[in-house]
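What follows is a short report on a single structure.
2 protein chains.
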Amino acid sequence: MDATPEILGELSLFEGLSPERLVVLAERCRISSVNKGEHVFRAGDPGNGLYAVVSGLVRIYRGSPGGKEQVLHFIEPGEPFGEVAVFQGDAFPADAQAMVPSQVLFMSRRDFLDLARQDPEITLQMLARLSLRLRRFVHQVAELSLKEVPARLAAYLLKELEEQGSNPLTLPMSKGQLASFLGTIQETLSRSLKRLEGQGLIVVKGREIGVLDLSALQSVAEQGR
Amino acid sequence: MDATPEILGELSLFEGLSPERLVVLAERCRISSVNKGEHVFRAGDPGNGLYAVVSGLVRIYRGSPGGKEQVLHFIEPGEPFGEVAVFQGDAFPADAQAMVPSQVLFMSRRDFLDLARQDPEITLQMLARLSLRLRRFVHQVAELSLKEVPARLAAYLLKELEEQGSNPLTLPMSKGQLASFLGTIQETLSRSLKRLEGQGLIVVKGREIGVLDLSALQSVAEQGR
DNA sequence: AAAAAGCTATGACCTAGGTCAAGTTTGCGG
DNA sequence: CCGCAAACTTGACCTAGGTCATAGCTTTTT
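Those sequence lines, one after another, are chains D and Y.
Everything in the first sequence is counted per the numbering used here, starting at 173 for the first residue and increasing by one.
Everything in the second sequence is counted per the numbering used here, starting at 173 for the first residue and increasing by one.
Okay, structure coming up:
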């Protein structure tokens, strides 16, 4: 399916582009639907362009021979993914899979580089975007090796609370997926939630989590090691 | 101390720039000496520009309240560091410390952005550079959470063997520092080395490590979980 | 070369958290 | 509204690897 200028305008990637430019770009982008569980690309696939989530939710992850998986990020509507392969190395470093029925936009490397040439602002925006991602990875690596599961969980809940702004926050994914993002497994996550609940810091009801004691949760999150 | 065009020409960051351009840039860059153990910047410091190692060795790491540290990368001569703060967020996300007496070059954000504007090629090179770093982090996150220490160690040795090209390879840092890079501690690294040695895969003599059984080492490195 | 300071090895011990195995609950397709 | 498949919880168990303590070794300083 073809993209429309309206859809493109919603993507953070194209923020600030003129309506005329969007019309031209719309012709060059393709939108496709992917079913729940379907892969947009696999690690090692040649990357001929970049993607963005139009609707739905996509997870980027790496698997291991033993079957365990580590989620690197969840991509929400408006956000691009798979950019790394456009600028370096050409093979995707991880798998991308739709977690719910989703629509994804594709733009070829050629078209993106053309756009970048005509609109250098885009390049700077991309640098800022990759820098942000780098910053997040720095955080993720440090958390994985320096903190224990309850601390990582607490930090996640605080971040989510901040972003959602509403107090009983809602997990945007299954607990198993969250565990995989936090570098652990379902069982351990379940026990950690229980523990925080037992300490009176949170209250859990399905995917809804209410934060009862903000400052105590913060001190759990800071526990390093 | 002022930078010279010759020094700048050696930096991967300025690869491909004309000699005239290098002369102009040399006036804008400052080179300073840092002692072993001295910090170039600390996490949270405002980032007003980027750095590159001219000589010596710099490590980028994050500490935890409990005193443990996770090394994110070792920066060798010619390589830039601290770029992330130039494009995003303005505070450095980690600490940078000289591991041996070193010389580092500094270029202000302003000067770098001026250069980027005049020479768009630099921007694309920077995109490629950040993409490579992102790719490495993807790898590091996955290794930390999916593999055990001996597997991470084996993977490191294979990479180092490849890069150095000589068989008894030489560790470029202390074993304690290597442990911190691999997300573990001295003692565990020591035992892992011993184990690989006991299995006849490597032979260790101080910082020199000879690889005896390449394919066995590869299969240890691939063990996921 | 002696002394101080950092590195490395190794042993005894302990715990966070992964594995395996039942259940139980939730939510979706028919 | 039913039934089946995920998703989730809970318990018993086990192990990788972190902690603590000690001692040998190597390098730099004086």
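Ideal Cβ placement from N, Cα and C applies to all residues, glycine included.
- Taking a C-beta distance under 7 Å as the contact criterion, residue 323(D) and residue 376(D) do not qualify as a contact pair.
- Annotation for residue 231(Y): 243, 246, 269 and 271 place their beta carbon closer than 6 Å to its own, counting only its chain and skipping 5 residues before and after.
- Assignment of residue 234(Y) by DSSP, reduced to helix, strand and coil, places it in the strand class.
- Around residue 388(Y), the same chain offers 373 as residues with beta carbons nearer than 7 Å, after the five sequence neighbours per side are excluded.
- Classified as buried, residue 179(D) has 16 or more neighbouring CB atoms from the shown chains inside 10 Å of its CB.
- Taking a contact as a CB-CB distance under 8 Å, the pair residue 225(D) and residue 248(D) counts as one, their CB atoms being some 6 Å apart.
- Cβ-Cβ distances below 6 Å link residue 214(D) to 267 in the same chain, with the five nearest sequence neighbours on each side left out; the list follows chain order.
- Residues of chain Y with a Cβ closer than 8 Å to the Cβ of residue 261(D) are, in chain order, 303, 304 and 307.
- Between residue 221(D) and residue 281(D), the gap from beta carbon to beta carbon is short of 7 Å.
- For residue 267(Y), the secondary structure class from DSSP, reduced to helix, strand or coil, is strand.
- Ranked by Cα distance from residue 283(D), the options 258(D), 299(D) and 263(D) are led by 258(D).
- Three or more Cβ pairs closer than 8 Å define a contact, and the stretch 325 to 344 of chain D falls short of that threshold against the stretch 285 to 304 of chain D.
- Residue pairing for residue 243(Y): DSSP places it in a beta bridge opposite 233(Y).
- Inclusion of residue 317(Y) and residue 316(D) in the CB contact set at 7 Å is warranted, their separation being smaller than that value.
- Across the set 218(D), 330(D), 207(D) and 223(D), the C-alpha of 223(D) shows the shortest separation from the C-alpha of residue 201(D).
- Comparing C-alpha distances from residue 216(Y) to each of 367(D), 302(D) and 307(D) shows the shortest one belongs to 307(D).
- For residue 378(Y), no alpha helix (DSSP H) encloses it, and the DSSP letter there is neither H nor E.
- For residue 312(Y), the neighbours in chain D by C-beta distance under 7 Å run, in chain order, 313.
- Those residues of the stretch 333 to 357 of chain D placed with their C-beta closer than 7 Å to a C-beta in chain Y are 355, ordered along the chain.
- With respect to residue 303(D), residue 256(Y) sits close: the two C-beta atoms are nearer than 7 Å.
- In this structure, residue 181(D) sits away from residue 197(D), with a CB-CB distance that is not shorter than 7 Å.
- Here residue 343(D) is near residue 379(D), since their CB atoms are less than 7 Å apart.
- Listed in chain order, the non-local C-beta contacts of residue 360(D) below 6 Å within the same chain comprise 321, local neighbours out to five positions each way being set aside.
- Taking the Cα positions, residue 207(Y) is about 32 Å away from residue 192(Y).
- Residue 386(D) is classed as exposed because its beta carbon has fewer than 16 other beta carbons within 10 Å across all chains shown.
- Boundaries of the beta strand (DSSP E) around residue 213(Y): 211 to 213.
- Less than 7 Å separates the beta-carbon of residue 175(D) from that of residue 277(D).
- Within chain Y, no C-beta atom comes nearer than 7 Å to that of residue 176(D); the closest sits roughly 28 Å away.
- Restricting attention to 212(Y), 236(Y) and 264(Y), the CA atom closest to the CA of residue 274(Y) is found in 212(Y).
- Boundaries of the alpha helix (DSSP H) harbouring residue 298(D): 292 to 318, taken from the DSSP string.
- As the crow flies, the alpha-carbon of residue 254(Y) is around 7 Å from that of residue 264(Y).
- Taking C-beta separations shorter than 6 Å and ignoring five residues to either side along the sequence, the partners of residue 341(Y) in its chain run 332, 333 and 381, following chain order.
- Its Cα nearest to that of residue 352(D), the residue 233(D) stands out among 228(D), 185(D), 233(D) and 205(D).
- Comparing C-alpha distances from residue 298(Y) to each of 394(Y), 251(Y) and 236(Y) shows the shortest one belongs to 251(Y).
- Contacts between residue 218(D) and chain Y, judged by CB atoms closer than 9 Å, are missing: the closest CB pair is about 15 Å apart.
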